[in-house]
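Notes for the one structure printed next.
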Amino acid sequence: MRLFEYEAKIILAKYGVPTPQGGLATNASQALEVASRLKPPFAVKAQVLVAGRGKAGGILFADSIDEVKGAAERLLNAQIKGIPVRSLWIEEKIRVKKELYFGITIDRFKQCYVAVASAVGGMEIEEIAAKTPEKVIKTLINPQQGFLPYQTKQIARKIGYSGAQISELGRAFERLYTAGKDYDAELIEMNPIVETADGKFIAADARIIIDDNALFRHPEYKKRLLEGESEFTLQELEAMKNDLAYVKLDGNIGVIGNGAGLVMATLDTIQYYGGKPANFLDVGGGAPSEKTALALKIVLSDTNVKALFINILGGITRCDDVARGILDARQKLGITKPMAIRLVGTNEEEGKKILDAAGIHAFDSMEETAQRVVEMSRGGS
Amino acid sequence: MGIIIDKDTRAIVQGITGTQGSFHTKLMLEYGTKIVAGTSPGKGGTKFENVPIYDTVEEAQKEDPADASIIFVPAPFAVDAAMEAIDNGIKTIVTITEHIPIRDSISLMAFARENKAVAIGPNTPGIITPGECKLGIMPAHIFKPGSIGMISRSGTLTYEIAASLTGKGLGQSTCLGLGGDPITGLNFIDVLKMFRNDAHTKAVVLIGEIGGNLEELTAGYIEEEEYPKPVVAYVAGRSAPPGKRMGHAGAIIMGKAGTAESKIEAFKKAGVQVAEKPGDVAELMTKAFNSLSKKN
């Protein structure tokens, strides 16, 4: 789950990581009120969950409180990369001497957290790594010892600091790590962390992605995700609430299958035969008929869908259950779109018989079904 | 034959009284897996399918020591269960549970390393040495004993490919699911090393997917070590968009990192045969086998 900048900054401030003074506003008069408590000049920042917000016009600067009003009105009426702006974070503008990068993420191979730092900041870390890989410093964090003070000082030295600045920067790194760990962040970054004209360090922008599987430990964010603004569509949220994994894509073949790898492979196979998948949907193991019906409802809510591919490899999932679920849903939802169904595994014969009786032929091979559904999607029906 | 588990493996089931735990215990027993005990705090002293149940692993180990544990405990408590098993001398831990937080998995893996235990998963279908032992939730009938090792990040896709291998007469030595999470115990390289030393394994199938760079590192290992057995790979997620989690917690392209293209390219560079579709794996494997028997 991605946090908004303001949520991340509130967490950082709580852990003693220096951040600019600021406040949240959802309308222009609130923005004025926030600004009146701060020292000019100001930065007015759209709270949207998109990368490259600054370049897309999501950050405006204001020298006076009057200008804050204008900036707030403009942003609240704008869309940033297609996302409407619902709230703003207004903060004191920092006098930048140098922009740095610092973040903590996961090293999958080494099975631990890793600190990533760079003397170049303000752009995506992948971009920094691609342009100047020698400037990216990675430090593995031992899960038992944690992030140690000497490691933070080594990093501060490597990105070019000396004297009292080493300890100051090191403390910010350590605190960020603690915040990240406490909030189950799979990514926590200050990008940029700024060296100010007077030699202090301050996190000018912050990003936190909370591990979805740890949201049970952070109910306040889980609530915001499910009930408030988030990066997910309504369909994606409905799927999430019902333990289905759904991702909308831009093609016209609806896909439902059991198992993440199998569904991904199904999308790839459709693409291989020249078709375009409209979504990813994994119904998971077991898949009782209500779940199959809900999956169909979600997939068909996308009006681009012209044909459906249901790919079930029954292990724990029983093919006859799935067949009944499909027929039930077809009747209840009044589905008229053509379906290509592949059904193999546990109770396959029975499942196929049930579908046959309803005039639906179930295929054995994923490839054959993919070819068939691609034809259907072109049929104009 | 095979790796990690065989006909002599003695296992316990942690979370044996839950819906998943009891269902799969029955299937594993039917397959012939030696399940010597189960645990379920508060239900000690009872039995399930004649398997004695204990409150703690410590008690189970005193009665009848096991060398492996399979865990069906819910996510918030699963890592505690795994650590309990390791702390009580169990050296192979298979964590079936999905949705375990990354922070917890990181602690578990550090603990496993310290105690020299082999951790499989989490979020794995488990491991099967066909004809001998199954510690997992996979449908047993699609596997048959043979000489192909399989390593995968996915469940049903493994079944898909295993079934097509079996259909072409290509049996398996051991099939192991690494798990669909970002942090897992064993990785492709660890298991490739085991298959290298296993005389019964003649060739290996790798099933990767988007997210992370394990496939790229694995390709590097195969190339540098001039891996002596043929390897065929399939990578799922060519059509996946960046920034979206494709079902598995670990299946996500971050920026430009973790794409299927990058993984496929790395495998090809390392001389690994890469299948375009799941159905092509068996065919590529048949060819690899034929050229093996010509060499011998």
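Protein chains in written order, with the numbering used here: chain A, 5 to 385; chain B, 4 to 299.
We treat Cβ as the ideally placed atom computed from N, Cα and C, and that holds for glycine.
is_contact[residue i, chain B] using C-beta, thresh 8 Å
{"i": "N256 (chain A)", "result": "no"}
{"i": "R112 (chain A)", "result": "yes"}
{"i": "Q51 (chain A)", "result": "no"}
{"i": "L253 (chain A)", "result": "yes"}
{"i": "F8 (chain A)", "result": "no"}
{"i": "A218 (chain A)", "result": "yes"}
{"i": "Q239 (chain A)", "result": "no"}
{"i": "T156 (chain A)", "result": "no"}
{"i": "P147 (chain A)", "result": "yes"}
{"i": "Y117 (chain A)", "result": "yes"}
{"i": "A249 (chain A)", "result": "yes"}
{"i": "L317 (chain A)", "result": "yes"}
Buried or exposed by the 16-neighbour rule on C-beta atoms within 10 Å, applied to residue i
{"i": "G153 (chain A)", "result": "Reading the sequence as shown, one finds Pro at residue 153 (chain A) and not Gly. Exposed, because fewer than 16 other Cβ atoms sit within 10 Å of the Cβ of P153 (chain A)."}
{"i": "H102 (chain B)", "result": "buried"}
{"i": "S40 (chain A)", "result": "exposed"}
{"i": "D111 (chain A)", "result": "buried"}
{"i": "Q17 (chain B)", "result": "buried"}
{"i": "E240 (chain A)", "result": "buried"}
{"i": "F65 (chain A)", "result": "exposed"}
{"i": "Q276 (chain B)", "result": "buried"}
{"i": "Q175 (chain B)", "result": "buried"}
{"i": "P24 (chain A)", "result": "buried"}
{"i": "H144 (chain B)", "result": "exposed"}
{"i": "K297 (chain B)", "result": "exposed"}
{"i": "P147 (chain A)", "result": "buried"}
{"i": "G246 (chain B)", "result": "exposed"}
Min CB distance residue i to chain A below 8 Å
{"i": "E218 (chain B)", "result": "no"}
{"i": "K280 (chain B)", "result": "yes"}
{"i": "I19 (chain B)", "result": "no"}
{"i": "E226 (chain B)", "result": "no"}
{"i": "S242 (chain B)", "result": "yes"}
{"i": "S265 (chain B)", "result": "no"}
{"i": "I74 (chain B)", "result": "no"}
{"i": "M288 (chain B)", "result": "no"}
{"i": "T159 (chain B)", "result": "yes"}
Nearest-angstrom Cα separation, counted from residue j out to residue i
{"i": "S385 (chain A)", "j": "K341 (chain A)", "result": "Note that S385 (chain A) scores 45 on pLDDT, short of 50, meaning its location in the model is unreliable; the coordinates nonetheless yield the value given after this. Approximately 7 Å, taken between the alpha carbons."}
{"i": "P77 (chain B)", "j": "I7 (chain B)", "result": "25 Å"}
{"i": "K171 (chain B)", "j": "A285 (chain B)", "result": "7 Å"}
{"i": "N217 (chain A)", "j": "F80 (chain B)", "result": "13 Å"}
{"i": "K204 (chain A)", "j": "I154 (chain B)", "result": "50 Å"}
{"i": "A243 (chain B)", "j": "V234 (chain B)", "result": "25 Å"}
{"i": "A311 (chain A)", "j": "P281 (chain A)", "result": "10 Å"}
{"i": "A207 (chain A)", "j": "V378 (chain A)", "result": "50 Å"}
{"i": "L181 (chain B)", "j": "T187 (chain B)", "result": "7 Å"}
{"i": "S171 (chain A)", "j": "I159 (chain A)", "result": "11 Å"}
{"i": "P44 (chain B)", "j": "I274 (chain A)", "result": "47 Å"}
{"i": "E233 (chain A)", "j": "I84 (chain A)", "result": "15 Å"}
{"i": "A71 (chain B)", "j": "L195 (chain B)", "result": "21 Å"}
{"i": "S85 (chain B)", "j": "S110 (chain B)", "result": "Sequence inspection shows Ala at residue 85 (chain B); the Ser mentioned does not correspond to that position. Approximately 11 Å, taken between the alpha carbons."}
{"i": "V251 (chain A)", "j": "M257 (chain B)", "result": "16 Å"}
{"i": "Q335 (chain A)", "j": "G329 (chain A)", "result": "10 Å"}
{"i": "E163 (chain B)", "j": "M5 (chain A)", "result": "31 Å"}
{"i": "I123 (chain B)", "j": "P44 (chain A)", "result": "56 Å"}
{"i": "A254 (chain B)", "j": "V118 (chain A)", "result": "19 Å"}
{"i": "Q64 (chain B)", "j": "N91 (chain B)", "result": "7 Å"}
May I ask you to list, following chain order, the residues of the stretch 362 to 384 of chain A that have a beta carbon less than 9 Å from some beta carbon of chain B? Listed in chain order, the positions of the stretch 362 to 384 of chain A with a beta carbon within less than 9 Å of a beta carbon of chain B are S369, M370, E371, A374.
Proximal residues, the stretch 321 to 347 of chain A versus chain B, C-beta separation under 7 Å: Correct list: empty, as no residue qualifies.
Taking Cβ-Cβ distances below 7 Å as the criterion, which residues of the stretch 259 to 271 of chain A are in contact with chain B? If the cut-off is 7 Å between Cβ atoms, the stretch 259 to 271 of chain A has N262, G263, A264, G265, L266, V267, M268, A269, L271 near chain B.
Can you give, in chain order, each stretch of the beta strand (DSSP E) that sits fully within the stretch 68 to 96 of chain B and has at least 3 residues? For the stretch 68 to 96 of chain B, whole beta strand (DSSP E) runs of length 3 or above, ordered along the chain, are 71 to 74.
Considering only residues of the stretch 219 to 285 of chain A, which uninterrupted beta strand (DSSP E) runs meet the minimum length of 3 residues and lie entirely inside it, listed in chain order? The stretch 219 to 285 of chain A contains these whole beta strand (DSSP E) runs: 249 to 252, 257 to 261.
Note down, one range per segment and in chain order, each alpha helix (DSSP H) of at least 4 residues found wholly within the stretch 242 to 279 of chain B. With a minimum length of 4 residues, the continuous alpha helix (DSSP H) runs that stay inside the stretch 242 to 279 of chain B are 263 to 272.
Residues of the stretch 64 to 88 of chain A with Cβ closer than 9 Å to any Cβ of chain B, in chain order: From the stretch 64 to 88 of chain A, no residue has a Cβ closer than 9 Å to chain B.
Cβ-based contacts, 7 Å cut-off: residues of the stretch 272 to 306 of chain A near chain B: Residues of the stretch 272 to 306 of chain A with a C-beta atom less than 7 Å from some C-beta of chain B are D272, T273, Q275, Y276, P281, F284, D286, listed in chain order.
Tell me the start and end of each unbroken beta strand (DSSP E) in the stretch 96 to 182 of chain A that is at least 3 residues and wholly inside, in chain order. Those beta strand (DSSP E) runs which fall completely within the stretch 96 to 182 of chain A and span 3+ residues are 100 to 111, 116 to 122, 140 to 145.
What residues from the stretch 122 to 136 of chain A come within 7 Å of chain B, judged by C-beta to C-beta, listed N to C? Within the stretch 122 to 136 of chain A, the residues whose Cβ lies closer than 7 Å to any Cβ of chain B are, in chain order, E128, E130.
4-residue-minimum alpha helix (DSSP H) runs that sit fully inside the stretch 29 to 61 of chain B, ordered along the chain: Taken in chain order, the complete alpha helix (DSSP H) segments of 4 or more residues contained in the stretch 29 to 61 of chain B number zero; there are none.
At a CB distance below 7 Å, what residues from the stretch 177 to 211 of chain A approach chain B? Give them in sequence order. Cβ contacts with chain B: K185, D188, E190.
Using a Cβ cut-off of 7 Å, which residues of the stretch 172 to 202 of chain B contact any Cβ in chain A, in chain order? Flagged, chain order: G183, P185, I186, N190.
Closer than 9 Å, Cβ to any Cβ of chain A: which residues of the stretch 244 to 262 of chain B, in chain order? Using a CB distance below 9 Å, the part of the stretch 244 to 262 of chain B facing chain A consists of P244, G246, K247, R248, M249, G250, H251, A252, G253, A254, M257, G258, K259, A260, ordered along the chain.
Could I get the ranges of all uninterrupted beta strand (DSSP E) runs contained in the stretch 298 to 338 of chain A, with 3 residues as the minimum, in chain order? DSSP runs (the beta strand (DSSP E)) wholly in the stretch 298 to 338 of chain A: 311 to 318.
Report the residues of the stretch 118 to 136 of chain B with a CB closer than 8 Å to any CB of chain A, ordered along the chain. Residues of the stretch 118 to 136 of chain B with a Cβ closer than 8 Å to any Cβ of chain A: none.
Got a sec: which bits of the stretch 95 to 112 of chain B sit with their beta carbon under 7 Å from any beta carbon on chain A, in order along the chain? Listed by position, the residues of the stretch 95 to 112 of chain B near chain A (Cβ gap below 7 Å) are H102, I103, P104, I105, R106, I109, S110, M112.
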